[in-house]
Structures are given as C-alpha cells and as structure tokens.
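Sequential numbering of the first sequence, starting at 957, is according to the working numbering.
This report refers to the structure that appears directly beneath it.
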Amino acid sequence: MQFESARGYNSFRLFLLHITTVECMRISQGFFPTVKEVPADAVIASHRLMLRAGLMRPLGAGIYSFYPLGFRVMKKAMEIIREEMDAIGGQEFLLPALSPIELWEETDRVKAFGDTMFHIKNRPLVLAPTHEEVITSIARSHVKSYKELPQIWYQIQTKFRNEPRPKSGVLRGRQFTMKDAYSLDASWEGLDASYALHEQAYRNIYTRCGLNFFIVGASSGAMGGTGSQEFMVESDAGEDTVALCDGCGYAANVEIAASGAPAAVRSDRGSSIEEVSTPGIKTIDEVSAYLKADLAHCAKSLVYIANGKPAIIFLMGNDQLNETKIQAVLGADARPAHPEELAALTGADAGSIGPIGLKADFTIIADKRLEHADDMVCGANKNDFHITHVDFDRDVKVEAFHDLRVVEDGEPCPKCGTALRIVKGIEVGHIFKLGTKYSASMKATFLDEHGKDNPIIMGSYGIGVERIIACHIEQHHDEFGIKWQKSIAPFDVHLILVNANSEEVVQKSESLYAALRAKKIDVLFDDRATVSPGFKFKDADLLGMPLQIIVGEKNLKNNQIELKDRNTGERRLVPAEDAMAEIEKFLAT
RNA sequence: CGGGGCGUAGCUCAGCCCGGUAGAGCGCUUGGUUUGGGACCAAGAAGUCGCAGGUUCGAAUCCUGUCGCCCCGACCA
957 MQFESARGYN
967 SFRLFLLHIT
977 TVECMRISQG
987 FFPTVKEVPA
997 DAVIASHRLM
1007 LRAGLMRPLG
1017 AGIYSFYPLG
1027 FRVMKKAMEI
1037 IREEMDAIGG
1047 QEFLLPALSP
1057 IELWEETDRV
1067 KAFGDTMFHI
1077 KNRPLVLAPT
1087 HEEVITSIAR
1097 SHVKSYKELP
1107 QIWYQIQTKF
1117 RNEPRPKSGV
1127 LRGRQFTMKD
1137 AYSLDASWEG
1147 LDASYALHEQ
1157 AYRNIYTRCG
1167 LNFFIVGASS
1177 GAMGGTGSQE
1187 FMVESDAGED
1197 TVALCDGCGY
1207 AANVEIAASG
1217 APAAVRSDRG
1227 SSIEEVSTPG
1237 IKTIDEVSAY
1247 LKADLAHCAK
1257 SLVYIANGKP
1267 AIIFLMGNDQ
1277 LNETKIQAVL
1287 GADARPAHPE
1297 ELAALTGADA
1307 GSIGPIGLKA
1317 DFTIIADKRL
1327 EHADDMVCGA
1337 NKNDFHITHV
1347 DFDRDVKVEA
1357 FHDLRVVEDG
1367 EPCPKCGTAL
1377 RIVKGIEVGH
1387 IFKLGTKYSA
1397 SMKATFLDEH
1407 GKDNPIIMGS
1417 YGIGVERIIA
1427 CHIEQHHDEF
1437 GIKWQKSIAP
1447 FDVHLILVNA
1457 NSEEVVQKSE
1467 SLYAALRAKK
1477 IDVLFDDRAT
1487 VSPGFKFKDA
1497 DLLGMPLQII
1507 VGEKNLKNNQ
1517 IELKDRNTGE
1527 RRLVPAEDAM
1537 AEIEKFLAT
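The structure is reproduced here in structure tokens:
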C-alpha cells in the first residue's frame, strides 16, 4: 500500500491501533444502548425488551436496524438453521432481493401478491417477498435430468413485503430475514421425503433455539400446492388462534379445528310438532329459558346467500358458525343474508327462523351435532312463535350434515378426548408441498428415465429469523428483562465488576475476563468504572445472559465469587479458584 | 383501506381547552462526593414545538391541508 504522506500513513496506523485495541466485549468500550424507560410505541414484551436491551431500533414503520447485540443473536439463530439445513443435504445460496417483474408475471403472482409486493419505480423490478420464481428459473436453466434430482436449495436473506399494517415489533415487518428452502424432486414420493426431512430439521431448529412449539395443518393459500404445515409458538402476542391438545399434540387453526363435542341424543318420544307462542323471544338463551328446553334441544337457524341462492343452516344451541367451514361448503362468496332478505325469504326476522314451512327454495344444511336430533325447538318462520318437537330425521330435509361450528375452549379433543385449549400462536415457520405449480408455469422440466419431459416437483420451506428471536423472548423473559437460553444468547456469560475502586476486584475481574476469553467463552464484561453496582445488576438482568459472574469486594474478601443463573434466579458463592470450573460446568449442561 | 390516538430536548412526557419569554424527570457534559439492585451535590449544553398554508399585533396553543408513527379492525405467503 502506498501513502502519499507521512500523515496518511500515521492515520492508517492509528486506524490499525484502534481496531486492535477496542474490545467490543467490554461494556465500557462497546455499543450497548440500554434504556430504563419503556418505549411508548411498544406493546408486547418482546418488542419492549428488544428496544430496551438495545437489540434493535426502528428506522421506519416495520423497518428495524439490528444493533450489534441483536445481530449476535440473529447470527446464533442463523447458524443453528444452517447446521440443520446442511444436515439434510441443503446447499446454501445467496439470491438477489431484486428480481425482474417478468419472472413474477410468468407465475401470475404479480396479481396474487398485489399491493403486498414492493415495486421499483424506475426499473421493471420488484423486491422479492419470497423466492420460488428465482429458484425455479435457476432450476429450469440447469436441471435437465432426473439423475440430477433431488436437490435442496436454501438461503438466508432479506425479504420485503409491503404489509398494510406492520405491528408488534419484528413480528410483522416490511423487511425481515427469512431462511427459505426449496426442494426439487423427480417424483411425488421424493417430495414427501424432502418434506419429511424439512419437518424434522425444523423440529430440531426450534428445539435448539429454545422454543416451545407445535405444528398445525394449514391451508396453502396463495402459495398453492398440495399440503402445508405451520410451526407455531404459543403466545398471547400471536395473530392466529389455534385449538391445542396437551394430551396428544393435536393442533389446528380454529378456522378448521374440530372437536369431540357430543351430538344430539334422540329422545324417540315421537311427539308431533307444535307451534308455541314466544312473544319477544329472540336469542337461543331466551328460547331455552322461556320454554324450559335444554340448549341441546334448541336449534339455531342462520340464512346465508351463496351463488345467489339462499341457504339455511342449523346449529345446536349456542354453537357459533365457523365462516371458513361454511365457505368450504357453500363457496367462498357465501355471506349472511341481510335483514330485508331474511324477511322476504322466510317471512320472519332473525330469531324466529326455522326449518318448518319455508317459503323459498333453500339449500338446507346442518351441523353434525344435529344429525338424528329430535324433540328440537326451532323458529316458526313467524315472529313471536317457535315450533317444538322438531325431528331432524322426520321433519327436515337436510341435504347434508357438516362440521360447521367454532370449537370452544375446553371441548374434548377429536383425537384423544383431552380438553382442548384455545390459544394464540405466532407462526415461526411454514412448510409447503408446492408440487408443480411453479415448475409447470415456468417450464422447469427434467427428462425422466423414459426420456419423457416432466415438471420438477417442488417444496418450499420458510423460517422467519426475527420471529425466532421475538418468540424466544416472549417465552423467556420476566419483569426485569430477557432470559436468553444458552443456544442463542448473544454472550455466554455476563461478568460484572462491582466496584472499580477496589484494586482486588479489578484484578480478579480482569484475570477472569482474560481466562474466559482464552477458553473461547463469549463474555460480556461490565467493566464500567463510573456506573453504580445497582445499575450494572439491572443492566445484566435486562440483557439476560444465561450466567452472571459477579466479582464484588465483600465476597472477594472471603475469596468468593458469585454466580447467578438468570433463568432460575439462583445465586451461589463459589471459591474464586473454582469459578472457571463452575462456569464451564454451567455452560456444558 | 375503515375506526381511534399521538407528533414539544437523545428518551418518557407536561404545556394546548382559555394565544403573550419553551418546561419537568431521566439521559448527556464538567467538577466533586459515592459504590451490592437503575446514587448525591453543584454548574452546564441541548428543542426550526412533524411540515406547509391560514387567522391574529402576536400561534406549540385556533383553523385548513399534509406527512409520519402507534393501537383496534380488515388483510396476512
């Protein structure tokens, strides 16, 4: 390297000196912007703590800068992901975030993503929200033969989605980091195998990242394909509602969840239907109370319009109609009838509608719980009247019985009967069997052993890296701060020099620091001379390293060092000479 | 995109209703004292009151517009 002047050389030397002397593991020298006060904009625990601990800061709505401490955690999580992806034969790529819009037109996903995809104004480019198109374009230009399959290709890269409403910190951002993987197979059996490999890799990843997770069957939505599962973490901050069985592990989005709620029991009394006066009685609870009929013997009637045709739907008691389930039966355009339509179609208002004496031509469907029900109370299609002793076998021409109801908390699991819990969940991963949706539309084909051209059979597998971090904090924190689990903690230990005025304390802390570094243990060293002990303890709890090593004057007089387990809160004193062994023991378990 | 709220010092916020010199706490700088759970004293630096227009002798304050951010809802591979 040439320098034009001695001054240039000197500043270069200064630069070298600088980078070799700043020790970023020392809080006194590194960048650790912690804050005591709770940021006003943060609502959920992980968001608050990520801001307070200085892991990241917002740059715009749904856009975050990761600061060194936060990035260390990201790297830990990404390394775990890499190891598990590599273990199933994945090969890491780094694909561009910018991609030509023509690529997305080939699969018609410009339209499918709509406003969710960012478009570049002065070039025909988009910011990729995911990478199926790019991967498929690579596959079609290189993969020619079944002999080259299967492949698992992945990357860890920034994704862009123009979320209408970013929220909850990094849980829903406009820019985020995703590990996305794609499997290429020559057969459907091959896809099943690749998919199974990913499912196991994902289980390993979340387990190693210290997350308590569960898996739910999911719809593949706009991704297309033949099957998919979501990996979810239970959290009140979640956006999805899931029915979860602690007995057998059954888990399903409430949109599709079933339960073992008991069906109607026939009385077989054979009573004839009878019209009774129910003045002003509308709701099922009122009907039940007024006629002294058990809720299980009341049928609720709802009118929907689908495809321009009215449908009447019966549910038992206070069961709620599940919109997703009814749309699966009647079609996606199914909607509740307007009040005027109700009156015109049935002759009565909501609350007095029923199966007997319907004027119009209805599609008649009912929830499975009502199959063979008799002795039921229903609306009379005449305001202020109900009909009793309705027998769904005898009196109602039900076209089909479907599971149409919303599962309630505490109902028996459909698989094992244990009480279901309805919980909120955060999606941390999603795996899809894509099939040939992308390879067919983009003509990514291979020649099979018979020389025949076939579209590659694909899978796609995503993990939100920031979501892993946020979920980890959601699951591991207390009122004082984060409790990192060892696997993704930014540092292994947090060394606190309690009192910089004590020569012994300084010496012992410094020698411990050097010894820890020599052992390749990542140590965050609070060596600040101007900060009070209380301040340091609060910071340590906030930052949340798994083990705090506290070197203080009083204990050192007795030749003792204090170790505090951040997770359990347990503190113990160990002889100074045993400290290193105790620390290594802690980290090893 | 609907509903609600907020933009004043680095952070948390008061001041606005009722127009008249720009405020507090925390943080920061300097000096001193302190040192086991977010210390104390003293001195100090720091703000185009989001932006643009309007009303007014005079606008952080009233009016109009606009931008940004947060929350609820819709949406969400």
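Even for Gly, the Cβ is constructed at its ideal location relative to N, Cα and C.
Report buried or exposed for residue i, applying the criterion of at least 16 other Cβ atoms within 10 angstroms of its Cβ.
i	result
Ile1076	exposed
Arg1222	exposed
Gln1131	buried
His1098	exposed
Gln1156	exposed
Ala1043	exposed
Trp1144	exposed
Ala1293	buried
Lys1100	exposed
Ala962	Confidence at Ala962 is low in this model, with a pLDDT of 49, below 50, so its placement is unreliable and the value that follows should be read with caution. Exposed, since its Cβ has fewer than 16 Cβ neighbours within 10 Å.
Pro1370	buried
Ser1002	buried
Glu1296	exposed
Gly1026	buried
Ala1220	buried
Val994	exposed
Gly1561	In the structure displayed, the chain extends from 957 to 1545; residue 1561 sits before or after that span and is not available.
Val999	exposed
Thr1392	buried
Gln1504	buried
Asp997	exposed
Pro1122	buried
Glu979	exposed
Glu1190	buried
Gln1152	Reading off the sequence shown, one finds Ala at residue 1152, where the question assumed Gln. Label assigned to Ala1152: exposed.
Can you name the residues that DSSP bridges to residue i?
i	result
Pro1056	Leu1081
Val1346	Met1332
Gln1276	According to DSSP, which records beta bridges pairwise, Gln1276 is partnered with nothing at all.
Glu1383	Met1188
Phe1201	One point to set straight first is that residue 1201 is Cys, not Phe, in the sequence displayed. In DSSP, Cys1201 forms a bridge with Leu1376.
So, for residue i: in the same chain, excluding its five sequence neighbours on each side, which residues have a beta-carbon less than 6 Å away from its beta-carbon?
i	result
Ser1139	Ile1108, Ser1150, Gly1415
Ala1535	Ile1517
Leu1472	Val1479
Asp1497	Phe1436, Gly1437
Ala1084	Ala1053, Ser1055
Gly1226	none
Identify the continuous beta strand (DSSP E) that holds residue i and give its terminal residues.
i	result
Asn1410	1409-1411
Val1479	1479-1482
Lys1265	1265-1272
Lys1135	1131-1141
Ala1001	Note, Ala1001: premise wrong, no beta strand (DSSP E); alpha helix (DSSP H) at 1001-1008.
Thr1114	1107-1116
Considering residue i, what are the terminal residues of the alpha helix (DSSP H) in which it resides?
i	result
Gln1431	1421-1431
Ser1097	1088-1098
Asp1042	1024-1043
Met1073	Premise fails: Met1073 is in no alpha helix (DSSP H) and is neither H nor E.
Ile1161	1144-1164
Ser1257	It is not in any alpha helix (DSSP H) - Ser1257 instead sits in the beta strand (DSSP E) that spans 1255-1262.
Ser1467	1459-1474
Asn1511	1509-1513
What three-state label does DSSP hand residue i in the structure shown?
i	result
Thr1392	coil
Asp1241	helix
Pro1446	coil
Gly1490	helix
Thr1234	coil
Phe988	coil
Phe1169	strand
Glu1190	strand
Asn1455	coil
Pro1218	coil
Arg1377	strand
Asp1495	helix
Phe1049	strand
For residue i, which residues in the same chain have their Cβ closer than 7 Å to its Cβ, ignoring the five residues on either side in sequence?
i	result
Ala1033	Cys1165, Val1421, Ile1424, Ile1425, Ile1444
Ile1037	Ile1112, Lys1135, Ile1161, Ile1419
Lys1399	Arg1096
Ile1019	Gly1129, Arg1130, Gln1131
By Cβ distance below 8 Å, which residues in the same chain neighbour residue i in space, the five residues on each side in sequence not counted?
i	result
Asn1274	Ile1240, Asp1241, Leu1251, Lys1256
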